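In what follows, a structure is listed as C-alpha coordinates, so that the remarks can point back to it.
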Amino acid sequence: MPNQTEIKTLINQSDKVITIKSNRYYDYVPLQNIVYIKAENNYCSLFTIEKKNYLTTNPLKYYEALLKDYGFIRINRSYIINRKHLQHYNLDKNIVKFTNEISITIGNKTNPKLLQL
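Here the working numbering is used: position 58 in the sequence shown is 1001, and no number is missing along the way.
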(Lines of atoms letter the chains of each structure in order from A and count residues from 1; the text may use other names and numbers.)
(Lines give C-alpha, C1' and ligand atoms only; values in the text may rest on other atoms or scores of the structure.)
Protein backbone atom coordinates (compact mmCIF):
# COMPACT_ATOMS: atom_id res chain seq x y z
CA MET A 1 0.00 0.00 0.00
CA PRO A 2 1.44 3.42 -0.93
CA ASN A 3 2.46 5.80 1.85
CA GLN A 4 1.54 9.51 2.07
CA THR A 5 4.55 10.69 0.06
CA GLU A 6 3.90 8.18 -2.71
CA ILE A 7 0.24 9.21 -2.85
CA LYS A 8 1.18 12.90 -3.12
CA THR A 9 3.65 12.05 -5.88
CA LEU A 10 0.98 10.12 -7.80
CA ILE A 11 -1.49 12.97 -7.43
CA ASN A 12 1.07 15.55 -8.57
CA GLN A 13 2.05 13.47 -11.59
CA SER A 14 -1.56 12.94 -12.59
CA ASP A 15 -2.17 16.70 -12.44
CA LYS A 16 0.74 17.60 -14.72
CA VAL A 17 -0.25 19.12 -18.03
CA ILE A 18 1.67 20.43 -20.97
CA THR A 19 0.59 23.62 -22.70
CA ILE A 20 0.59 23.55 -26.48
CA LYS A 21 0.27 26.86 -28.30
CA SER A 22 -1.51 26.76 -31.63
CA ASN A 23 -2.33 29.65 -33.94
CA ARG A 24 -4.85 31.47 -31.78
CA TYR A 25 -5.41 29.22 -28.79
CA TYR A 26 -3.77 27.00 -26.18
CA ASP A 27 -4.39 23.31 -25.55
CA TYR A 28 -3.72 21.79 -22.14
CA VAL A 29 -2.83 18.12 -22.46
CA PRO A 30 -2.29 15.92 -19.38
CA LEU A 31 1.14 14.26 -19.50
CA GLN A 32 -0.43 10.89 -18.77
CA ASN A 33 -2.40 11.17 -22.04
CA ILE A 34 0.65 11.66 -24.26
CA VAL A 35 1.68 8.40 -25.93
CA TYR A 36 4.61 9.65 -28.00
CA ILE A 37 6.14 12.71 -29.62
CA LYS A 38 7.46 12.68 -33.16
CA ALA A 39 9.85 15.18 -34.75
CA GLU A 40 8.65 16.47 -38.12
CA ASN A 41 11.09 18.90 -39.76
CA ASN A 42 10.96 22.08 -37.64
CA TYR A 43 7.89 20.92 -35.72
CA CYS A 44 6.85 18.17 -33.34
CA SER A 45 3.61 16.25 -33.18
CA LEU A 46 2.28 15.01 -29.85
CA PHE A 47 0.04 11.95 -30.08
CA THR A 48 -2.39 11.10 -27.28
CA ILE A 49 -4.31 8.05 -26.10
CA GLU A 50 -7.42 9.62 -27.62
CA LYS A 51 -5.57 9.44 -30.98
CA LYS A 52 -5.42 13.23 -31.19
CA ASN A 53 -2.44 14.94 -32.79
CA TYR A 54 -1.11 18.31 -31.59
CA LEU A 55 1.38 20.18 -33.76
CA THR A 56 3.91 22.37 -31.97
CA THR A 57 6.87 24.52 -32.99
CA ASN A 58 9.14 23.32 -30.19
CA PRO A 59 11.96 20.94 -31.17
CA LEU A 60 12.20 17.38 -29.87
CA LYS A 61 15.18 18.37 -27.72
CA TYR A 62 12.89 20.76 -25.81
CA TYR A 63 10.45 17.96 -24.96
CA GLU A 64 13.26 15.58 -24.10
CA ALA A 65 14.51 17.96 -21.39
CA LEU A 66 11.02 18.90 -20.23
CA LEU A 67 9.65 15.36 -19.87
CA LYS A 68 12.62 13.20 -18.87
CA ASP A 69 11.52 13.10 -15.20
CA TYR A 70 7.99 11.97 -16.08
CA GLY A 71 8.60 8.57 -17.68
CA PHE A 72 9.37 9.77 -21.21
CA ILE A 73 12.45 8.52 -23.06
CA ARG A 74 13.98 9.48 -26.38
CA ILE A 75 14.41 6.29 -28.36
CA ASN A 76 15.94 7.72 -31.55
CA ARG A 77 16.35 10.95 -33.53
CA SER A 78 12.64 11.24 -34.21
CA TYR A 79 10.72 9.85 -31.24
CA ILE A 80 10.15 10.33 -27.53
CA ILE A 81 7.81 7.78 -25.99
CA ASN A 82 5.85 7.58 -22.76
CA ARG A 83 6.94 4.33 -21.10
CA LYS A 84 3.59 4.05 -19.35
CA HIS A 85 1.87 3.45 -22.69
CA LEU A 86 4.44 1.03 -24.13
CA GLN A 87 2.81 -2.34 -24.64
CA HIS A 88 4.98 -4.31 -27.08
CA TYR A 89 8.37 -4.05 -28.80
CA ASN A 90 9.01 -6.32 -31.80
CA LEU A 91 12.78 -6.84 -31.98
CA ASP A 92 12.73 -8.32 -35.48
CA LYS A 93 10.77 -5.52 -37.12
CA ASN A 94 11.66 -2.69 -34.69
CA ILE A 95 8.02 -1.84 -34.21
CA VAL A 96 6.74 -0.33 -30.98
CA LYS A 97 3.09 -0.86 -30.10
CA PHE A 98 1.25 1.26 -27.55
CA THR A 99 -1.82 0.73 -25.39
CA ASN A 100 -4.06 2.65 -27.80
CA GLU A 101 -3.25 0.22 -30.66
CA ILE A 102 -0.94 2.70 -32.40
CA SER A 103 2.28 1.22 -33.76
CA ILE A 104 5.40 3.00 -34.97
CA THR A 105 8.55 1.76 -36.71
CA ILE A 106 11.63 3.10 -34.99
CA GLY A 107 14.54 2.22 -37.26
CA ASN A 108 16.93 -0.54 -38.22
CA LYS A 109 18.76 -1.18 -34.96
CA THR A 110 17.55 -2.61 -31.68
CA ASN A 111 17.27 0.28 -29.28
CA PRO A 112 19.12 -0.43 -26.01
CA LYS A 113 16.91 2.02 -24.10
CA LEU A 114 13.85 -0.07 -24.93
CA LEU A 115 15.55 -3.28 -23.81
CA GLN A 116 16.40 -1.75 -20.42
CA LEU A 117 12.81 -0.86 -19.50
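Positions of the beta carbon are idealized from the N, C-alpha and C atoms, including for glycine.
As the structure is a computational prediction, the values presented were derived from the model and not from experiment.
Self-check item: Opposing strand residues paired with A982 [DSSP bridges]
Solution: C987
Quiz item: For D958, is the classification buried or exposed, using 16 other Cβ atoms within 10 angstroms of its Cβ as the cut-off for buried?
Solution: exposed
Self-check item: Cβ contact (3+ pairs, closer than 8 Å) linking the region 966-973 and the region 1017-1037
Solution: no
Practice problem: Please name the residue, chosen from L989, S1046, R1017 and H1031, that lies closest to L974 on a Cα-to-Cα basis. | Solution: L989
Exercise. For T999, I'd like the list of residues in its chain whose CB is within less than 6 Å of its CB, leaving aside the five on either flank, ordered along the chain.
Key: I963 and C987
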